[in-house]
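Sequence positions in the sequence shown follow this note's numbering and run 1249 to 1659.
Positions of the beta carbon are idealized from the N, C-alpha and C atoms, including for glycine.
All values reported here derive from a predicted model rather than from experimental measurement.
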Amino acid sequence: MKRTSRLFKTVAAALVVLSLALAVFYFHGGTGVAHATTSDDGIGTPEFKSDQSASNFSSNANTIPYWSSSFTDPTNGVTYPFTMVGTNPAKGDVSTTIPTVIIPFRFSFVQSADPNNTVLDGSVKSTLTAQSPMFQKADIGAAANATASTPPTFPGVAPANARPVNEPSDVTQVGDAIYRAQWGKSGTGYHTLLGQPTILPTVSYSVPSNQGFIEIGSRSQARIGLMDYHWFSNRLNETMRNLHISPNVLPIFLVYNTFLYETTPSNCCVLGYHGATTSANGNGQQQVNTYMFASYSDPGIFRANPGDAFSYVQDIHGLSHEVQEWMDDPFVNNSINPWVTPTAPQYGCTSDLETGDPVVGYGFTIHMPNGVDYHPEDEVHYSWFAREKPSRAAQGYFTYLNNYSDVAHGC
């Protein structure tokens, strides 16, 4: 998610890219040789954003269950308030379940590289999404330990290549497992769960030629929809208003192989975002809706991280990213001491407490009873953002897959 100054972030991103290049030069013996890659479709870098934010509402507003607290960053002495989904883990082993609906979007593109196939329909992936470990139980810890992606190798950021992943066995949903791991509550009665989703009727839109198009992936051969970010967001908000979704329910807008660009297709690719919106009136007690969109994507569209045989950015990777960030920042208003990391140069310098942004593309594999392998993303824990040492998370990790050896670095 990104909310900070574009100029500030552009400069910071350039510095991070430079440091990344130097790190690669160092780790490959300083040859300086550039190697062309054909490991992806070349449509852009996967990233995630935030939509609207909500604030200045009372504690009895009509919305999802949430709790609030604050921390003081030891590196600058500033106290940062935050709000998260569910119940405060310090209050004991309380279980919270948030009702969920899946709203598939079906897009018919006027402009398509394949004139015989002009539609990308999220409903074809709605059942697979409902059967995924985002909603169904699996041993998340065991899967993470056995199938974690190759760790990063940037000096001062990541542990050595032989880093262990020894998460406790934890049979639950992905979001719940990672959320409670960050509080050291794995395997307890503390839960923050998504309710079994109701799949609502598909919502269809025609995409004008000046707002998006379908192209064929050069490597994956997948049909890929590229769409203007603002045009899509207007359609999502329009659908939210039309459906009159309860503020106590989490709506997930599901698309298939459709990614967003800003202004120009060369500035791609947003795979998901989450947001919050309030009603116009209510004197602080108004309705506050939270929501998210995510793209269910085919394998091979995006590039694998160094050392990985395939890219983990596929199927529910985007959804897992958004669910976790929604849990840790449901109203998109948790701001912290700015951070930057070479594992995600596309974000530059940002003050967002968004758990998936630093580790896009790092993930693990979960095999489910429907025979499908799913690939959720790693997530950074609260202690990393709070510059809290030692980490309070399970095993003292700063990310679920133990991809960082230290707290966040400043810009």
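In summary, Asn1308 is exposed, with fewer than 16 beta-carbon neighbours lying within 10 Å of its beta-carbon over all protein chains present.
DSSP places His1492 outside any alpha helix (DSSP H), giving it a letter other than H or E.
Nearest in C-alpha terms to Ala1524, of all of Thr1538, Ser1287, Thr1511, is Thr1538. Separation of Thr1526 and Met1488 (C-alpha to C-alpha, rounded to the nearest whole angstrom) is 12 Å. C-alpha of Arg1471 to C-alpha of Ala1396: approximately 28 Å in a straight line.
Judged by DSSP secondary structure, Ser1343 falls within the beta strand (DSSP E) whose first and last residues are 1343 to 1346. Val1367: member of the beta strand (DSSP E) spanning 1367 to 1369, first to last residue. The segment 1644 to 1659 and the segment 1398 to 1413 touch, with three or more beta-carbon pairs separated by less than 8 Å. Bridge pairing for Ala1542: Leu1502, Gly1520 [DSSP].
Each of Gly1611, Glu1510, Val1620 was checked against the Cα of Ala1394, and the nearest Cα belongs to Gly1611.
Beta-bridge partners of Asp1563 (DSSP): Ser1545.
Between Phe1579 and Thr1331, the C-beta gap is smaller than 8 Å, which places the two residues in contact.
By the Cβ test, the segment 1544 to 1564 is not in contact with the segment 1310 to 1323, since fewer than three Cβ pairs between them sit closer than 8 Å. Looking at the DSSP output, Gly1611 sits in a beta bridge with Glu1625.
When rounded, the separation of the alpha-carbon atoms in Gln1643 and Glu1415 is 7 Å. Taking C-alpha positions only, His1615 is separated from Val1326 by approximately 43 Å.
Excluding the 5 residues flanking it on each side, Thr1335 has same chain C-beta neighbours closer than 7 Å at Pro1313, Trp1315, Val1342, Thr1344, in chain order. Rounded to the nearest angstrom, the Cβ distance from Val1571 to Gly1423 is 4 Å, consistent with a contact under 8 Å.
Proximity of the segment 1588 to 1600 to the segment 1374 to 1392 falls short of the contact definition, fewer than three beta-carbon pairs being nearer than 8 Å. Taking 3 residues as the shortest admissible run, the segment 1421 to 1459 contains the following complete beta strand (DSSP E) segments, listed from N- to C-terminal end: 1439 to 1442, 1451 to 1455.
Setting aside the 5 residues that flank it on each side, Ser1466 is surrounded in the same chain by Asp1289, Gly1290, each with a C-beta closer than 7 Å to its C-beta; the list follows chain order. In the same chain as Ser1454, and ignoring 5 residues on each side of it, the C-beta atoms closer than 6 Å to its own belong to Ser1356, in chain order.
Excluding sequence positions up to five before and after Leu1448, its CB lies within less than 6 Å of the CB of Val1349, Ile1351, all in the same chain and listed in chain order. Boundaries for Leu1649: no alpha helix (DSSP H) harbours it, and the DSSP string shows neither H nor E there. Sequence-distant Cβ neighbours of Gln1459 in its own chain, meaning closer than 7 Å and more than five residues away, are Met1475, Asp1476, Trp1479.
Of the residues Thr1420, Asn1482, Leu1491, the one whose Cα lies closest to the Cα of His1439 is Thr1420. Around the C-beta of Gly1548, 16 or more other C-beta atoms lie within 10 Å, and the residue is accordingly described as buried. Our two residues, Cys1659 and Trp1587, have alpha carbons roughly 6 Å apart in a direct line. In the structure shown, the three-state DSSP call for Leu1508 is strand. Nearest neighbour of Asn1585 by Cα position, chosen from Ser1494, Tyr1630, Ile1564, Gly1609, turns out to be Tyr1630. For Glu1602, the secondary structure class from DSSP, reduced to helix, strand or coil, is coil. In this chain, the beta strand (DSSP E) harbouring Gly1473 covers 1471 to 1476. Contact between Ile1464 and Gly1473 is absent: CB atoms are separated by about 11 Å, not below the 8 Å threshold.
Within the segment 1347 to 1391, the complete beta strand (DSSP E) segments of 3 residues or longer fall at 1348 to 1357, 1367 to 1369, listed in chain order.
Under the DSSP assignment, Ser1583 falls in the beta strand (DSSP E) whose first and last residues are 1583 to 1587. The criterion of a C-beta distance shorter than 8 Å is satisfied by Glu1627 and Thr1647.
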